Amino acid sequence: MPSGNSAMSTMSDIVLYIIAIFLPPLAVFARTGCGADVLINILLWFFGWIPGTIHAFYIIWKTSPERNPTPAYSSRY
2 MPSGNSAMST
12 MSDIVLYIIA
22 IFLPPLAVFA
32 RTGCGADVLI
42 NILLWFFGWI
52 PGTIHAFYII
62 WKTSPERNPT
72 PAYSSRY
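All residue numbers for the sequence shown refer to this note's numbering, where the first residue is 2 and numbers rise by one.
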C-alpha cells in the first residue's frame with residue numbers, strides 16, 4: 002500500500018508534467034531551482050517547443066522523489 006508521501010510526490014510530478022507542456026522552463030525551475038538546468042531548458046525552448054518539453058520531462062523524471070528516495074539515515078547539507 003503506498004504511503005501518503007508517495008502519493009503526494011506522484012501528484013506533484015503529474016502537476017509538473019502538465020506545467021511542462023505549456024511552460025517547460027517553469028516546470029524545471031519548480032523542480033531544480035535557478036541553475037544550469039533552467040538555463041539549458043530556456044535555450045532549448047527557444048529552439049522550439051518540443052526540445053524544451055522533452056528536456057523538462059527528462060528533468061522531472063530524473064529528479065523525481067519516487068525515482069530517488071532519500072534514505073532515512075542520510076542527511077542533507
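Backbone N, C-alpha and C fix where the C-beta goes; we use that ideal spot for every residue, glycine too.
In this text, all values refer to a predicted model and were calculated from it rather than measured experimentally.
*asked:* Taking only three categories from DSSP, how would you classify P66?
replied: coil
*Can you grab the Cα-Cα spacing for the pair I61 / V39, in whole Å?*
12 Å
*asked:* On the CB-based measure, 16 or more other CB atoms within 10 Å of its CB, does A37 come out buried or exposed?
replied: exposed
*Assuming T54 and A21 make a contact with CB atoms under 8 Å, what is their CB distance in whole Å?*
Sure, about 6 Å apart at Cβ, within 8 Å.
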